[in-house]
């Protein structure tokens, strides 16, 4: 696996791949990789396709009181993991490469970014949309892979690509989970042993609520029960909500694809998760 931090070199390598008739797949990450990221690499590996993973801890995704300074950085072990997974190239741009002096452009996606994490973390999805647009311009991928755990982020990126006529196919990959059901996340390392044991209440509460709604029970009752379960487990809730799986609009019709989304804090660690409502 090649590791590149120079944009001109990156474009030279991708041009060589294109000249050889190969497609390019991109897996954007902020590092601190785990099995969920490996699943994205595995999904991206197709015959005739070269896989690029990027690692960039994007400062524009973090608010003033968020954890940019303590966000885990493990570039050496991340590189070993990507090599073992069969990644072809690691793109590791510097902050100066991504946001050079005088940088003044912001990409904002309205609608799908307004509620949920967009409301809880003002400016977060502008940071996501801006850096993903830059990564797409730098790598010029045919396909890009994102985990469904960050479901609102996935919806924002799909809207971005559709609105700007970007020539990249967005592929969502199902959430990867530990054996007890907790969604894999780089932030799970912040949980102590007691918090980690309690955190499993999040996927369990969402699963119970999703099954209740799928069989026709009142969504408000199912959501209220999920909130009570999370509070009893020690969570401080940001939101637990039912939304249209495509537009993220609230109160979706039963014949529409629907998704339960939640964000809650266990101590100082903010966890997110989501599950689909199975349609009969």
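Residue numbers (this note's numbering): 276 to 555.
Cβ coordinates follow ideal geometry from the N, Cα and C atoms, glycine included.
All values derive from a computational prediction rather than experimental measurement.
Inset, instruction - Could you give the DSSP three-state label for residue 421: helix, strand or coil? - result: Here residue 421 is taken as the residue at index 146 of the chain shown, counted from 1. Looking at residue 421 - three-state DSSP - the assignment turns out to be strand.
Legend entry - beta strand (DSSP E) runs wholly inside the stretch 310-371, at least 3 long, in chain order: 324-330 and 364-366
Legend entry - Where residue 521 sits in the DSSP three-state scheme: Counting from 1 along the chain shown, the entry for residue 521 is found at position 246. Reduced to three states, the DSSP call for residue 521 is coil.
Legend entry - Paired residues, beta bridge with residue 447 - DSSP: One-based indexing of the chain shown puts residue 447 at position 172. DSSP output for residue 447 lists 421 as bridge partner(s).
Legend entry - C-alpha gap between residue 318 and residue 448, whole angstroms: On the chain shown, position 43 is the one that residue 318 refers to. On the chain shown, position 173 is the one that residue 448 refers to. Spanning the two alpha carbons is a distance of roughly 8 Å.
Inset, instruction - Determine the burial state of residue 308: buried for a count of at least 16 other Cβ atoms within 10 Å of its Cβ, exposed for fewer. - result: The residue you call residue 308 lines up with position 33 of the chain shown. Flag for residue 308 reads buried.
Inset, instruction - Note down, in chain order, each residue of its chain lying with its Cβ closer than 7 Å to the Cβ of residue 571, except the 5 sequence neighbours on either side. - result: Here the chain covers residues 276 to 555 and nothing more, so residue 571 does not appear.
Legend entry - Bounding residues of the alpha helix (DSSP H) (the contiguous stretch that carries residue 479): On the chain shown, residue 479 is found 204 positions in, with the first residue counted as 1. 476-489 is the extent of the alpha helix (DSSP H) around residue 479.
Inset, instruction - Decide if residue 405 is buried, meaning its Cβ has at least 16 other Cβ atoms within 10 Å, or exposed. - result: Position 130 of the chain shown holds residue 405. Residue 405 should be labelled buried.
Inset, instruction - List the residues that DSSP assigns as beta-bridge partners of residue 387. - result: Translated into positions along the chain shown, residue 387 becomes position 112. For residue 387, which the question treats as bridged, DSSP gives no partner whatsoever.
Inset, instruction - Pick helix, strand or coil for residue 307, following the three-state DSSP scheme. - result: As a position in the chain shown, residue 307 is number 32, starting the count at 1. Coil.
Legend entry - Cβ neighbour criterion (16 or more within 10 Å) applied to residue 329: Here residue 329 is taken as the residue at index 54 of the chain shown, counted from 1. Flag for residue 329 reads buried.
Inset, instruction - Taking 9 Å as the cut-off, decide whether the C-beta atoms of residue 411 and residue 441 are in contact. - result: To locate residue 411, count along the chain shown from 1; it is residue 136. To locate residue 441, count along the chain shown from 1; it is residue 166. A contact, by the Cβ cut-off of 9 Å.
Legend entry - Counterpart residues of residue 514 in DSSP-defined beta bridges: For the purposes of this step, residue 514 is identified with residue 239 of the chain shown, where counting begins at 1. Answer is 538, bridged to residue 514.
Legend entry - C-alpha distance - residue 432 paired with residue 391, whole-angstrom precision: Position 157 of the chain shown, counting from 1, holds the residue named residue 432. Position 116 of the chain shown, counting from 1, holds the residue named residue 391. When rounded, the distance between both Cα atoms is 16 Å.
Inset, instruction - Can you grab the Cα-Cα spacing for the pair residue 221 / residue 549, in whole Å? - result: Shown here, the chain extends from 276 to 555; a query on residue 221 therefore has no answer.
Inset, instruction - For residue 381, name the three-state secondary structure that DSSP assigns. - result: Residue numbering aside, residue 381 sits at position 106 when the chain shown is read from its first letter. In this structure, residue 381 counts as coil in the three-state DSSP scheme.
Inset, instruction - On a CA-only basis, which of 300, 313, 395 and 305 is nearest residue 326? Give me that one, please. - result: For the purposes of this step, residue 326 is taken as residue 51 along the chain shown, with counting starting at 1. Of the candidates 300, 313, 395 and 305, the one whose C-alpha sits nearest the C-alpha of residue 326 is 300.
Legend entry - Whole-number beta carbon distance between residue 532 and residue 516, since they are thought to touch under 8 Å: What you label residue 516 is simply residue 241 of the chain shown in a count that begins at 1. What you label residue 532 is simply residue 257 of the chain shown in a count that begins at 1. Actually they do not touch by this definition, with Cβ atoms about 15 Å apart.
Legend entry - Contacts around residue 279, its chain only, beta-carbon distance under 8 Å, and the 5 residues preceding and following it disregarded: Start at 1 with the first residue of the chain shown, and residue 279 comes out as number 4. Within the same chain, residue 279 has close Cβ partners 285, 288, 364, 365, 366 and 367.
Inset, instruction - Can you give me the Cβ contacts of residue 565 inside the same chain, cut-off strictly under 7 Å, excluding the 5 residues immediately before and after it? - result: Examination of residue 565 is not possible in this model, given that the chain is present from 276 through 555 alone.
Inset, instruction - Pull up the CB-CB distance for residue 418 and residue 382, whole angstroms please, since I reckon it's below 8 Å. - result: The residue given as residue 418 occupies position 143 in the chain shown. The residue given as residue 382 occupies position 107 in the chain shown. Not a contact, Cβ separation roughly 20 Å.
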